[in-house]
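These notes are about the structure you will find just below.
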Amino acid sequence: MSDIRARLGSAVSAAFEAEGLDPSLGRVSASDRPDLADFQCNGALAAAKAARGNPREIASRLVARLQGLPELEAVESAGPGFVNLKVALGLLSERAAEVAASDLAGASRVAAPRRVLVDYGGPNVAKPMHVGHLRAAIIGESIKRLFRFRGDEVLGDAHFGDWGFQMGLLITAVLDEGLDPARLTLEDLERLYPAAAAQAKADPAFRDRARKATAELQGGRADYRALWSRFVEVSRSALKREFHALGVDFDLWKGESDADPLIPAMVEDLRAKGLLEHDQGAEIVRVAREGDKRELPPLLVVSSEGSAMYGTTDLATIVDRRKSFDPDLILYVVDQRQADHFEQVFRAAALAGYAREGELEHIGFGTMNGADGKPFKTREGGVLKLHDLIAMVTDKARARLREADLGAELSPEAFEATAHKVAVAALKFADLSNFRGTSYVFDLDRFTSFEGKTGPYLLYQTVRVKSLLRKAAEQGAEAGPIAVAEPAERELALRLDAFDVAVCEAYDRRAPHAIAEHAYQLAQAFSRFYAACPILAVDLPGQRASRLALAQAVLKQLELSLHILGLEAPERM
Ligand code: ARG
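Per our numbering, the very first residue in the sequence shown carries number -6; after that it's consecutive.
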């Protein structure tokens, strides 16, 4: 089973070959002018260049060969040498039926499944999660689902930040305040950490004690370890709850600390391989390469206090993952501003033979900004906590539902659940509808609107299809063979066909926005179809059955798209 673009591609390639031209030039893409054609091939231009011929003349010869093919309703040459293709209704009907019958709604699985580990979320002990972690969680969750959808074996790991300097800061602060470890709460941690971080900046003696505490914790000092486990436990359960509310769930909740037992042997190994160098009391691996545009600083492996650093735990985590899951690919979904860090780690891993070229990838993303164009802050200028952000968006979602007169007949619990789904959809879709590398501005009004390219719009359209199908079932109307006829049906069938292209693009570029865009286009095409083509009211049973089958295919594809994006549609609204 292949999409229409691929099928037309084979037909056009055969025509190139028959003309004595390079068949690989027969590639077909969606038309730039949907008003004129469905697909186009630009290969005649390249063929003309290679053969010093006239592109228009080559295009006409190709058109002559393609004329009369059963897959095509029309074929003509246009412009400087394009071949414009209009798909026959029979092929559209056949393809729509395939989509309707397919478990993946017409998308394809990867040819050779791989083991893929997605490292995302990256929350830290005691530091409240902020909008940077939100993006990591949203994008990472979607990439995890996308890879799994296409058939890879995928694990998502939170890679909890539980081993660095912030642990020493907390230990020192708790001891200075004389707090009882058994009674420590999340509120304590969230109060202590920023205060300690500020104190470390202002007071070098405090900073040095915190550094020493970090090294002693890592060295195995028992009372520190006990305190540390308490921090981890308190933070982890709160963070899990917050992620879960967002529809983000990890398969592994490992942390930087899990790599700790592997560090001594790894450091020895680096030394034995001659990669470790002494540098002002610390030990480093030099990773700069000839031809680098700017000098990449060395990876700091052991600090002058003898502590493991961020890069050390990342490197040892690669060794750990090798031993456990042995992934073919590790994707690190982390803020673009950490690009240098990952480059250092990846190069060190390559030098040490822990990973091969191409097995480690940093999937960076931009920031979510406030109206001032700077990373989003609260009105008071502080870092906005994720929890507060979700509460704020849910408030707005409730208001939006009431304003649109939606959910009025729902029970109070169902209304709350719907408001939560709308809020999560608003936040996630706003994020995922941009290419991940682009920064975007947080705009609560726009994100929560039921109109335009938004999560709530998508949920609303999905609920509409669901209620149509429910009504059909109540009336005993059944789906049947698809026969595409009307222009709005044609457009809808072409959209259904385009899902695989979107999924493959999203997969290859690790860019869920291609799925978001597809889902939006599909919802719009359905909306036009629904307005133009009566379904339950139509007299011809065959036509009703065909349109119901189209609606079922749309629902399946919308639901799969929503699932990949991490959105959930309610049954009713
Ligand atoms: N905890 C880190 C932070 O908050 C992100 C961790 C990302 N993953 C990794 N393997 N380094 O910045």
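Yeah, the Cβ is synthetic: ideal placement off N, Cα and C, and Gly gets one too.
In this structure, the beta-carbon distance from S426 to A509 falls below 8 Å. When beta bridges are read from the DSSP output, K79 appears opposite A67. Within the segment 161 to 199, the complete alpha helix (DSSP H) segments at least 4 residues long are 179 to 195, listed from N- to C-terminus. Between the alpha carbons of D(-4) and R204 lies a gap of roughly 59 Å. The criterion of a C-beta distance shorter than 8 Å is satisfied by I277 and E270. Excluding sequence positions up to five before and after E350, its CB lies within less than 8 Å of the CB of A343, all in the same chain and listed in chain order.
At least one heavy atom of ligand 1 is found less than 7 Å from the C-beta of Y325. Here the alpha carbon of R264 sits roughly 59 Å from the alpha carbon of F443. Residues of the same chain with a CB within less than 7 Å of the CB of S520, apart from the 5 flanking positions on each side, are Q454 in chain order.
Under a 10 Å Cβ-count criterion, L529 is classified as exposed, with fewer than 16 other Cβ atoms of the shown protein chains found around its own Cβ. Shown here, G133 sits in a helix according to DSSP, grouped into three states. Taking the C-beta atoms as reference points, H334 is found no nearer than 8 Å to G248.
Shortest Cα-Cα distance from L560 to any of A39, K421 and F428 involves K421. Distances between the C-beta of D112 and the heavy atoms of ligand 1 include at least one below 7 Å. For H126, the three-state secondary structure derived from DSSP is helix. Within 7 Å of the C-beta of D307 there is at least one heavy atom belonging to ligand 1.
Out of P257, D216 and F199, the CA that lies nearest to the CA of T165 is found in F199. With a minimum length of 3 residues, the unbroken runs of beta strand (DSSP E) contained wholly in the segment 293 to 327 fall at 322 to 326.
Contact between E235 and H380 is confirmed by a C-beta separation of about 6 Å, below the 8 Å threshold.
Judged by DSSP secondary structure, C497 falls within the alpha helix (DSSP H) whose first and last residues are F492 to D501. Within the segment 442 to 511, no run of beta strand (DSSP E) at least 3 residues long lies entirely inside it. For R229, the closest C-alpha among the options A275, F9, D155 and K266 is that of D155. Here A275 carries a strand assignment [DSSP, helix/strand/coil].
Ligand 1 never approaches G161 closely enough for any of its heavy atoms to be under 7 Å from the residue's Cβ. Cβ atoms of T431 and G359 come within 8 Å of each other, at about 5 Å.
In the structure shown, G36 falls within a helical segment according to DSSP collapsed to helix, strand and coil. Judged by DSSP secondary structure, I557 falls within the alpha helix (DSSP H) whose first and last residues are P534 to L558. DSSP places V376 outside any beta strand (DSSP E), giving it a letter other than H or E.
Going by DSSP, D438 is part of the alpha helix (DSSP H) stretching over L437 to F440.
For the set D31, G133, Y433 and R128, the Cα lying nearest the Cα of V80 is the one of D31. For H152, the shortest separation between its Cβ and any heavy atom of ligand 1 lies below 7 Å. G363 is not bridged by DSSP to any residue. Taking a 10 Å sphere around the C-beta of E484, we find 16 or more other C-beta atoms and assign the residue as buried. Relative to F339, the option among G304, V167 and G161 whose CA is nearest is G304. DSSP links H355 through a beta bridge to Y325.
In this structure, ligand 1 has no non-hydrogen atom nearer than 7 Å to the beta-carbon of G36.
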